[in-house]
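Residue numbers (the working numbering): 3 to 181.
C-beta: ideal position from N, C-alpha, C; glycine also.
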Amino acid sequence: MLDRLYVELADGDLRLVKLAEPHREALRAACAADADIWPIYSSSFDPDHFDTSFDTLIGHASRMPYAIIGGDRLVGMTAWLRPDVSAETVEIGNSYLHPDVRGTGFNGRLKRLMIDHAFAVGIRRIEFRIDERNKRSQAAVAKLGCTKEGTLRSERITWTGHVRDTALWSLLAGEWRKR
Numbered sequence: 003m004l005d006r007l008y009v010e011l012a013d014g015d016l017r018l019v020k021l022a023e024p025h026r027e028a029l030r031a032a033c034a035a036d037a038d039i040w041p042i043y044s045s046s047f048d049p050d051h052f053d054t055s056f057d058t059l060i061g062h063a064s065r066m067p068y069a070i071i072g073g074d075r076l077v078g079m080t081a082w083l084r085p086d087v088s089a090e091t092v093e094i095g096n097s098y099l100h101p102d103v104r105g106t107g108f109n110g111r112l113k114r115l116m117i118d119h120a121f122a123v124g125i126r127r128i129e130f131r132i133d134e135r136n137k138r139s140q141a142a143v144a145k146l147g148c149t150k151e152g153t154l155r156s157e158r159i160t161w162t163g164h165v166r167d168t169a170l171w172s173l174l175a176g177e178w179r180k181r
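Structure, rendered in structure tokens:
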């Protein structure tokens, strides 16, 4: 299933390509466009932490990252996280979009593309784990029809040392088909 899940995806001018070393500088530039956002993320892709975070993302076995291409430029990143073939579950996370494409419907298109694909290859449950402080991301997954299952208290320590409460959201294949 994993070899069918982690493939390049496209919808018109939106493309998801496997994140790799050749994307490093374009992603660095995209991430630097909003330096103020990183304190609500688990890890930082700000200029001071970018290289370490990039290396970790592309080198970690439980992460399958994408470069997000909008038209002719890299506008962000996202990933499949913690896929569990036996449980038929996966998380969508590590998502960042350049400020230019926020609020345009681009994120909805991106997430629908990923969700449609995941359910088509046999995933039955998709999770989103979001910092409780990140109200914009929680509103975005709610618009997709996801259900907030609760809050994982003190679930992780972020790069700033903040002990994070994490909102757990999910979407089931049967719920998506009914939409």
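> Excluding the five sequence neighbours on either side, which residues of its own chain have a C-beta within less than 6 Å of the C-beta of T58, listed in chain order?
Replying inline: none
> In or out: I117 buried (at least 16 other Cβ within 10 Å) or exposed?
Replying inline: buried
> G78 and L99: beta carbons closer than 9 Å?
Replying inline: yes
>> Using 8 Å for Cβ pairs, my map puts V184 next to Y68. What's the rounded Cβ distance?
In response: An answer regarding residue 184 cannot be provided, because it is not within the stretch 3 to 181 covered by the chain.
> Three-state secondary structure (DSSP) at F47?
Replying inline: coil
>> Within the continuous alpha helix (DSSP H) that includes W40, where are the two ends?
In response: Element bounds for W40: n/a, residue is neither H nor E.
>> Does the structure place the segment 48-56 close enough to the segment 85-93 that three or more beta carbon pairs sit under 8 Å?
In response: no
>> Nearest by alpha-carbon distance to D74: which of K113, A28, H62 and D48 is it?
In response: A28
>> Going by beta-carbon coordinates alone, are A22 and I60 separated by less than 9 Å?
In response: yes
>> Tell me the rounded alpha-carbon separation between T106 and I94.
In response: 20 Å
>> Ignoring anything shorter than 4 residues, give me the alpha helix (DSSP H) runs that lie fully in the segment 90-167, in order along the chain.
In response: 108-122 and 137-145
>> Using only the alpha-carbon positions, how far apart do A142 and G110 sit?
In response: 8 Å
> Between S64, A81, T168 and L4, which lies nearest to L112 when the distance is taken from Cα to Cα?
Replying inline: A81
> Nearest to S172 by CA position, among G163, T153 and H164, is which residue?
Replying inline: T153
> When we look at the beta-carbon of D50 and count the other beta-carbons within 10 Å, is it buried (16 or more) or exposed?
Replying inline: exposed
>> Please state whether the Cβ-Cβ distance between L11 and M66 is less than 9 Å.
In response: no
> In three-state DSSP terms, what is G176?
Replying inline: helix
> From L16, S46 and E177, pick the residue whose C-alpha is nearest to that of I159; which is it?
Replying inline: S46
> Near G147, which residues of its chain fall below 8 Å by C-beta distance, leaving aside the five closest residues on each side in sequence?
Replying inline: L173, E177, W178 and R181
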